[in-house]
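Numbering (the working numbering), first residue to last: 32 to 367. We put the beta carbon where it would ideally sit given N, CA and C, even for glycine. Data block below; observations after.
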């Protein structure tokens, strides 16, 4: 087929007239189609000769066109409230000319640990003392959620100091988080200080690890008291604190994806208590995924969180199962 070349359209320009019968117009990528034009042929698939273009056989009518509205139609909702803005959402908004989007401000969190025996990483470690892993891991987890973290350090086991710090933090933060000091020891003053300043909504859950988890409120500022053991801190942050923080930041809550996998271990547990086991995924002889339980499951075995792939969640009504049972696996990629 031989068509007469009757003009050109560059990107950003409009054709001066429609395409007539037996005609072709040179058009550049991104330019608007001229009226009555219905097909675009790539330059490398044809040849130009004496003011004409030679079209090979087999060209499909309508090829290489994009239509207005083929991606987004008039009246479509492109971004809903509570959507996390990733690069693709920002690009989508820009593609229809939206320059700015209303967003929630980052959640500002006051974070501190408690304990006379607790020391910062890098400090001298006297006998009987431990380094503070919890504050560092929680600060990193908060940072991944986009929070602004005000690190208030390590507070001594002093009711007055803890109360005064909580009171001051409630003045200019969206959330207060602590690690330790919410158990039943004589030097665990956080719970009493929260009760004095506001209200403790609950304390101690039927869960493992993380039983001494606390949720309270000081004025209008929520308080989350994480346990003192490092594994319990991370598990309760992932399953309880993380959803609350996302909601404070305006996110729409969705349940993390769980996967059914075969348990490579038997279980016996207490009725009425929810438990999370640290596991590593492996492949069984038949190629199916199987969860291998970390051999040491104490609440202070922090290496178990590093060397595991996720958690197996055991519901309250479960008391036992045999190896080979299908269980719910929650990967750290969903909650970490």
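| task | Could you check how far apart the C-beta atoms of residue 304 and residue 235 are, in whole angstroms? I think they sit under 8 Å. | result | Their Cβ separation, rounded to whole angstroms, is 12 Å, which puts residue 304 and residue 235 out of contact at 8 Å.
| request: For residue 98, count neighbouring C-beta atoms within 10 Å of its own C-beta (all shown protein chains included) and say buried if the count is 16 or more, exposed if not. | output: exposed
| query | Under the three-state reduction of DSSP, which class applies to residue 366: helix, strand or coil? | reply | Looking at residue 366 - three-state DSSP - the assignment turns out to be helix.
| query | Counting Cβ pairs, one atom from each stretch, are 3 or more of them under 8 Å apart for the region 260 to 280 and the region 132 to 140? | reply | yes
| message | Let me confirm a value: residue 33 is counted as buried when at least 16 other C-beta atoms fall within 10 Å, else exposed. Which label applies? | response | exposed
| request: Tell me whether residue 79 sits in a helix, a strand or coil according to DSSP, three-state version. | output: strand
| So the alpha helix (DSSP H) residue 189 belongs to, where does it begin and stop? | Element bounds for residue 189: n/a, residue is neither H nor E.
| field | Where residue 371 sits in the DSSP three-state scheme | value | In this structure the chain extends from 32 to 367, so residue 371 is not present and cannot be described.
| The alpha helix (DSSP H) spanning residue 120 covers which residue range? | 118 to 126
| query | What did DSSP end up calling residue 162 once you bin it into helix, strand or coil? | reply | strand
| Three-state secondary structure (DSSP) of residue 74 | helix
| message | For residue 208, report the span of its beta strand (DSSP E) as first-last. | response | That run of the beta strand (DSSP E) goes 206 to 210.
| task | Tell me, please, which residues DSSP counts as bridged to residue 238. | result | Beta-bridge annotation (DSSP): residue 238 is paired with 305.
| message | Does the distance between the C-beta of residue 329 and the nearest non-hydrogen atom of the ligand GTP fall short of 8 Å? | response | Of ligands this structure carries none, so the ligand GTP is not represented either.
| So, residue 71 versus residue 78, is the Cβ gap smaller than 9 Å? | no
| Based on the DSSP output, what are the partners of residue 145 in its beta bridges? | 186
| said: So for residue 253, helix, strand or coil by DSSP? | reply: Per DSSP, reduced to three states, the secondary structure at residue 253 is strand.
| query | Which class does residue 64 belong to by DSSP, given the choice of helix, strand or coil? | reply | coil
| query | Is it right to say residue 116 is buried, meaning 16 or more other beta carbons lie within 10 angstroms of its own, or is it exposed? | reply | exposed
| message | Less than 9 Å between the beta carbons of residue 310 and residue 324, yes or no? | response | yes
| request: Express the C-alpha separation of residue 366 and residue 210 in angstroms, rounding to a whole number. | output: 19 Å
| field | Uninterrupted beta strand (DSSP E) stretches inside the region 319 to 363 (no shorter than 3 residues) | value | 320 to 324, 341 to 345, 357 to 362
| Three-state class that DSSP yields for residue 181 in the structure shown | When DSSP states are grouped into helix, strand and coil, residue 181 belongs to the strand group.
| Looking at residue 169 and residue 244, is the spacing between their C-beta atoms short of 9 Å? | no
| Bridge partners of residue 171, per DSSP? | Looking at the DSSP assignment, residue 171 forms no beta bridge with any residue, so it has no partner.
| Can you tell me where the beta strand (DSSP E) with residue 55 in it begins and where it stops? | 54 to 58
| request: Starting from residue 96, follow the beta strand (DSSP E) in both directions and report where the run begins and ends. | output: Careful: residue 96 lies outside any beta strand (DSSP E) and carries neither H nor E.
| query | Buried or exposed: where does residue 233 fall if 16 or more other Cβ atoms within 10 Å of its Cβ makes it buried? | reply | exposed
| Going by the CB atoms, is the gap between residue 193 and residue 131 shorter than 9 Å? | At least 9 Å separates the beta-carbon of residue 131 from that of residue 193.
| Close-in-space but distant-in-sequence residues of the same chain around residue 40 (CB under 8 Å, 5 per side omitted) | 46, 56, 57, 58, 59, 62, 63, 65
| Nearest-angstrom Cβ-Cβ length linking residue 316 and residue 358, presumed shorter than 8 Å | Rounded, the Cβ-Cβ distance is 19 Å, inconsistent with contact.
| field | Segment contact flag, the region 120 to 127 with the region 144 to 161, C-beta cutoff 8 Å, min 3 pairs | value | no
| Straight-line gap, residue 175 to residue 101 (C-alpha atoms, nearest Å) | 36 Å
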